[in-house]
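Below: one structure, written as structure tokens.
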Amino acid sequence: MTVDLAFAFGCEGELEADPATQSAILESITGFAPEELRAGSSSSSLAVNSMVSDALLRSRPEEELGTCVGKVVLLKFNRCIQSFQRALLQRPELEPVRKALNQRGFAVVLPSKAKAFVHPENYKAVLEAIARDKFVLYADHVLVEPELENVVKEVLKGIAQPKAGTRALIELSGACSGAQEHQPTAGTAGASSSSNLPLTTERTFIHFKVPSSLISPSELDARSFKTA
Numbered sequence: 012m013t014v015d016l017a018f019a020f021g022c023e024g025e026l027e028a029d030p031a032t033q034s035a036i037l038e039s040i041t042g043f044a045p046e047e048l049r050a051g052s053s054s055s056s057l058a059v060n061s062m063v064s065d066a067l068l069r070s071r072p073e074e075e076l077g078t079c080v081g082k083v084v085l086l087k088f089n090r091c092i093q094s095f096q097r098a099l100l101q102r103p104e105l106e107p108v109r110k111a112l113n114q115r116g117f118a119v120v121l122p123s124k125a126k127a128f129v130h131p132e133n134y135k136a137v138l139e140a141i142a143r144d145k146f147v148l149y150a151d152h153v154l155v156e157p158e159l160e161n162v163v164k165e166v167l168k169g170i171a172q173p174k175a176g177t178r179a180l181i182e183l184s185g186a187c188s189g190a191q192e193h194q195p196t197a198g199t200a201g202a203s204s205s206s207n208l209p210l211t212t213e214r215t216f217i218h219f220k221v222p223s224s225l226i227s228p229s230e231l232d233a234r235s236f237k238t239a
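Using the working numbering, read the sequence shown as starting at 12 and increasing by one per residue.
This is how it looks when you write it as structure tokens:
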């Protein structure tokens with residue numbers, strides 16, 4: 012019987028077993044497997060492959076497993092007026108995320124007065140990544156999930172407008188080591204530059220890594236906030 016050992020998780024990294032490990036795991040499994048599995052019937056191949064995959068996962072240290080990369084956006088504005096604050100903290104469009112964070116005991120307004128509109132599951136990992144790489148946040152910063160970025164911009168429509176700026180991709184490691192990389196690119200051009208409006212001056216992607224054992228790719232895809 013030939014067993015195809017292929018492990019793909021839809022995340023960074025793949026699991027590959029050396030021949031000796033494959034042989035030992037397969038021998039261990041088939042030695043206790045039902046007779047039809049050892050006989051090599053056509054219906055047994057997938058079952059054995061699944062068993063080998065599970066055994067290999069359990070045999071590998073956590074730090075060797077693939078990781079899923081999470082990403083949030085850090086927006087910075089050049090002014091922070093009261094109407095800007097009220098819009099972020101009171102507008103109903105952002106109530107679902109504010110409520111979700113409050114229910115988990117997480118504050119939308121950080122000690123630095125920056126605002127965080129992120130999934131509760133990501134909250135601690137994002138703040139740890141920011142602290143480790145020494146980002147300094149102020150009241151004019153907004154941390155936001157990618158799917159909520161346009162919601163935030165719509166909430167601030169008429170108060171804040173995008174302005175051409177720089178965009179940096181910053182790799183922040185969690186379970187694994189990661190390099191920090193800055194790649195300046197053109198930002199989104201603003202519609203106007205009225206002097207009495209706070210303008211976005213910086214847009215940064217913050218990547219953090221979550222062990223794949225904690226959340227599956229399908230769960231990552233399914234998670235989203237329902238906004239009004």
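For every residue, glycine included, the Cβ atom is placed at its ideal position computed from N, Cα and C.
Query raised in the report: Using the beta-carbon count (16 or more within 10 Å), is N161 buried or exposed?
Result: exposed
Query raised in the report: In whole angstroms, what separates the C-alpha of P157 from that of K82?
Result: 7 Å
Query raised in the report: Where does L100 land, buried or exposed, given buried means 16+ other C-beta within 10 angstroms?
Result: exposed
Query raised in the report: Among V147, K145, V120, which has the Cα closest to the Cα of Y134?
Result: V120
Requested in this report: Quick one: grab the DSSP three-state call for F216.
Outcome: strand
Query raised in the report: Which residues mark the beginning and the end of the beta strand (DSSP E) in which K168 is found?
Result: Counting along the chain, K168 falls outside any beta strand (DSSP E), and DSSP gives it neither H nor E.
Requested in this report: Could you say which of V166, L154, G169 lies nearest to R214 if we only look at CA atoms?
Outcome: L154
Query raised in the report: Which class does F146 belong to by DSSP, given the choice of helix, strand or coil?
Result: coil
Query - Helix, strand or coil at K124 according to DSSP, with G and I counted as helix - result: coil
Query raised in the report: Do K242 and D151 have their C-beta atoms within less than 8 Å of each other?
Result: With the chain running from 12 to 239 in the structure shown, residue 242 is simply not present.
Query raised in the report: Can you tell me whether DSSP reads F95 as helix, strand or coil?
Result: helix
Query raised in the report: Is L183 helix, strand or coil when you go by DSSP?
Result: Bear in mind that a pLDDT of 40 at L183, under 50, signals an unreliable position, so the number given afterwards is only what the model happens to contain. L183 falls in the coil class under three-state DSSP.
Query raised in the report: Is V129 helix, strand or coil by DSSP?
Result: coil
Requested in this report: Identify whether V119 lies in helix, strand or coil by the three-state DSSP scheme.
Outcome: coil
Requested in this report: Output yes or no for whether 8 Å exceeds the beta carbon distance between K126 and Y149.
Outcome: no
Requested in this report: Whole angstroms is fine: what's the gap from L167's alpha carbon to I217's?
Outcome: 22 Å
Query raised in the report: In angstroms, rounded to a whole number, what distance separates the CA positions of I170 and S94?
Result: 7 Å
Query - Contact under 8 Å by Cβ, P131 with L112 - result: yes
Query raised in the report: Should F128 and L159 be called a contact, given that it needs their Cβ atoms to be closer than 8 Å?
Result: yes
Query raised in the report: What are the boundary residues of the beta strand (DSSP E) that L112 is part of?
Result: Where L112 is concerned, there is no enclosing beta strand (DSSP E), although the alpha helix (DSSP H) it sits in stretches over 106-114.
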